[in-house]
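In what follows, a single structure is set out as structure tokens and then discussed.
Number of protein chains: 4
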Amino acid sequence: MSIRVFVTGGTFDKEYDEINGKLYFKDTHLKEMFQTGRCTVGLEIRTLMMIDSLDMTETDRELIAKNCQRCGEDRILITHGTDTMVETAAYLATYKMPKTIVLTGAMIPYKFGSSDGFFNLGSALGFVQCLDPGVYVVMNGRAFDWNRVRKNRKTGTFEEIKSDE
Amino acid sequence: MSIRVFVTGGTFDKEYDEINGKLYFKDTHLKEMFQTGRCTVGLEIRTLMMIDSLDMTETDRELIAKNCQRCGEDRILITHGTDTMVETAAYLATYKMPKTIVLTGAMIPYKFGSSDGFFNLGSALGFVQCLDPGVYVVMNGRAFDWNRVRKNRKTGTFEEIKSDE
Amino acid sequence: MSIRVFVTGGTFDKEYDEINGKLYFKDTHLKEMFQTGRCTVGLEIRTLMMIDSLDMTETDRELIAKNCQRCGEDRILITHGTDTMVETAAYLATYKMPKTIVLTGAMIPYKFGSSDGFFNLGSALGFVQCLDPGVYVVMNGRAFDWNRVRKNRKTGTFEEIKSDE
Amino acid sequence: MSIRVFVTGGTFDKEYDEINGKLYFKDTHLKEMFQTGRCTVGLEIRTLMMIDSLDMTETDRELIAKNCQRCGEDRILITHGTDTMVETAAYLATYKMPKTIVLTGAMIPYKFGSSDGFFNLGSALGFVQCLDPGVYVVMNGRAFDWNRVRKNRKTGTFEEIKSDE
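Residue numbers (my numbering), protein chains in the order written: chain A, 1 to 165; chain C, 1 to 165; chain P, 1 to 165; chain Y, 1 to 165.
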């Protein structure tokens with residue numbers, strides 16, 4: 001089984017710029033992370049953009065969707081900032097692709113000691129290999145359907161939206 | 001969904017003893033790891049033993065199996081040393097429990113910077129939530145059926161055994 | 001020998017705020033760092049402020065100077081942001097105290113894997129125990145006299161100012 | 001000022017062998033450590049041996065001493081296992097070289113998250129630049145004269161031997 005991985009940036013890949021003291025994007029850490037995880041799954045990794053998800057536009061989302069459509073794989077893992085991950089998931093769902101698409105990210109940059117990123121990448125890789133076609137958000141060890149999830153901005157965790165809400 | 005987690009030791013939880021310069025077991029890091037992963041899945045964690053899997057006896061395996069049978073959950077994640085992980089998986093399979101049991105571990109202790117443990121824990125947690133009942137080994141980002149896997153002791157990775165072997 | 005340690009903030013102690021994605025100050029990591037370094041030197045640690053050194057005012061510098069004067073110890077280590085470390089050193093030098101005062105900091109927050117902070121703290125602690133009275137900046141493994149040093153903002157390292165400059 | 005650095009192994013440089021689950025020596029981490037510390041001190045680093053200090057023989061110690069004598073620098077930093085660091089310091093002292101020789105090491109391997117090694121390297125580098133000629137053990141943030149120090153094997157820290165003991 002081969003999995004397509006699309007990198008879009010997000011907290012995951014933020015680095016500390018020691019010259020100006022700000023966080024910024026350099027290169028993705030995804031390859032290094034899969035290597036440290038001794039991952040032997042067939043992966044095709046491609047960086048589509050390296051941006052903060054608050055800066056993501058409709059054009060960016062279209063680019064992600066088109067890439068999901070065009071690629072040969074039907075299991076796709078997308079790294080994404082958490083702030084608008086749910087919006088992108090909803091956007092991708094409108095394409096109704098017969099593919100399993102999992103979005104994941106991190107609350108803390110991978111290069112910080114206390115990052116959740118490595119764990120999230122592992123669980124996203126697990127879920128993407130066995131979930132039915134559809135669009136999912138994988139965070140906090142769980143897989144959420146794209147239309148039943150929201151980010152709780154106070155706690156920083158993702159929650160299921162109950163049907164009666 | 002609630003997941004049962006059984007800790008048995010293995011490289012995962014090895015610590016460095018600064019007094020005698022040897023690796024040893026103190027406490028499990030599992031709780032700390034799930035916390036760092038901001039995991040919100042309902043988990044019941046229980047330490048059954050803290051041993052090197054080379055030291056695991058039939059009695060130990062029976063204890064693990066009995067605990068899997070007795071517990072209320074039907075999705076179970078077991079942390080285990082990699083050396084005899086496949087043997088324990090095979091032993092558990094003889095019980096033919098209608099439960100999804102996933103064994104995982106690490107090649108490098110969690111407390112080492114280059115550990116694969118946090119990634120493995122994430123992927124095991126993903127797989128255990130969606131695989132059908134059965135016994136699986138989750139390592140290197142993949143889920144292997146208990147009877148189709150072996151550890152390659154030269155490369156340190158787990159491999160699928162093809163049906164014609 | 002007892003050393004006084006004054007904490008003023010700086011990159012050293014910056015944390016990542018997972019809710020808003022920005023760096024901020026929570027508590028100092030100094031105690032934890034000395035503990036990890038298994039430091040047995042007698043230390044009196046006191047936090048004077050937790051600020052970015054670009055925000056440091058004359059009033060803040062006066063507060064630092066007064067604390068250096070008032071404290072019983074004659075060997076003092078100050079953690080400080082690197083951007084205005086040299087300015088604070090020059091300010092403290094005007095007090096002509098018969099004490100050894102060493103300022104140190106970090107280019108990368110301690111909580112980032114690639115931080116120089118732990119190394120700098122070690123070398124600052126070494127230098128403060130054996131240098132003659134005076135004010136020094138300790139960075140990049142070296143001790144600079146307060147009036148012979150500048151931060152090179154392009155390379156992010158501290159350099160000696162040659163006498164003919 | 002140029003400092004000579006001799007590497008002899010010790011806990012400092014121990015790596016985890018993921019194939020056999022044992023600690024071993026591969027290459028020294030010294031260069032990487034000085035780089036992470038953004039060290040700009042002129043350093044000549046040379047690996048003399050990579051051994052556990054419990055395995056160090058008189059021949060090994062003679063080799064270290066000869067190298068200290070022969071090298072052009074008069075400030076020397078030696079990384080060494082902690083178990084027989086004091087013995088090697090005493091051996092070097094018999095040569096009565098007009099040089100400042102500092103031995104340092106670590107209780108926990110550098111690659112472990114909780115290592116004291118990076119801190120010790122920093123403080124040793126500070127001390128070696130300002131102490132008078134002599135042989136010293138630098139551990140726990142302190143510099144000990146070679147003939148006034150012992151390792152407390154219960155606490156894992158180095159202690160000063162009072163003159164009346």
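Yeah, the Cβ is synthetic: ideal placement off N, Cα and C, and Gly gets one too.
These numbers were taken from a predicted model, which means no experiment stands behind them.
Between the CA atoms of residue j and residue i - distance to the nearest angstrom
i        : j        : result
Glu44/P  : Asp13/Y  : 32 angstroms
Ala65/P  : Tyr110/P : 25 angstroms
Asn20/C  : Gly81/Y  : 12 angstroms
Leu103/Y : Arg4/Y   : 12 angstroms
Glu32/A  : Tyr16/Y  : 19 angstroms
Thr59/P  : Lys154/P : 29 angstroms
Lys26/Y  : Thr47/Y  : 12 angstroms
Cys71/P  : Leu121/Y : 29 angstroms
Phe158/C : Ala90/C  : 15 angstroms
Ile101/P : Asp132/P : 9 angstroms
Lys22/P  : Cys39/C  : 22 angstroms
Val128/C : Val128/P : 55 angstroms
Nearest to residue i (by Cα), restricted to the options the options
i        : options                                : result
Glu160/Y : Ser115/Y, Gly81/Y, Phe144/Y            : Phe144/Y
Glu18/C  : Val128/Y, Pro133/Y, Val135/Y, Ser115/Y : Ser115/Y
Lys207/A : Arg61/A, Asp74/A, Thr11/A              : Chain A is shown from 1 up to 165; residue 207/A falls before or after that span and cannot be answered.
Arg148/P : Leu121/P, Lys96/P, Gly105/P, Glu87/P   : Glu87/P
Ile76/A  : Phe6/A, Arg70/A, Thr57/A               : Phe6/A
Lys24/C  : Met50/C, Cys39/C, Arg38/C, Val128/C    : Reading the sequence as shown, one finds Tyr at residue 24/C and not Lys. The residue with the shortest Cα to Cα distance from Tyr24/C is Met50/C.
Thr94/P  : Met56/P, Arg38/P, Glu62/P, Asp27/P     : Glu62/P
Thr57/Y  : Asp132/Y, Ile101/Y, Met85/Y            : Met85/Y
CB contact flag (residue i, residue j, <8 angstroms)
i        : j        : result
Gly141/Y : Ser163/Y : no
Trp146/Y : Val138/Y : no
Cys130/A : Leu92/A  : no
Thr79/C  : Gly126/C : no
Phe119/Y : Thr8/P   : no
Gly113/A : Gly113/P : yes
Own chain, CB closer than 8 angstroms to residue i, minus 5 neighbours either side, in chain order
i       : result
Asp83/C : Asp52, Ser53, Leu54, Lys151
Three-state class that DSSP yields for residue i in the structure shown
i        : result
Lys169/A : Chain A is shown from 1 up to 165; residue 169/A falls before or after that span and cannot be answered.
Met1/A   : coil
Leu54/A  : helix
Arg9/A   : In the sequence under discussion, the amino acid at residue 9/A is Gly, which differs from the Arg named in the question. In this structure, Gly9/A counts as strand in the three-state DSSP scheme.
Asn120/P : helix
Arg148/Y : helix
Ala65/Y  : helix
Leu125/A : helix
Val138/A : strand
Met107/P : coil
Glu87/C  : helix
Leu92/A  : helix
Arg70/A  : helix
Thr82/C  : coil
Close beta carbons around residue i, own chain, < 6 angstroms, minus the five adjacent residues each side
i        : result
Met107/A : Asp116, Gly156
Gly134/C : none
Ser2/C   : Gly42, Glu73
Thr28/C  : Val7, Asp13, Thr47
Residues near residue i by beta carbon distance below 7 angstroms, same chain, minus five either side
i       : result
Leu30/A : Val5, Val7, Ile45, Thr79
Phe34/C : Leu43
Met97/P : Cys68, Gln69
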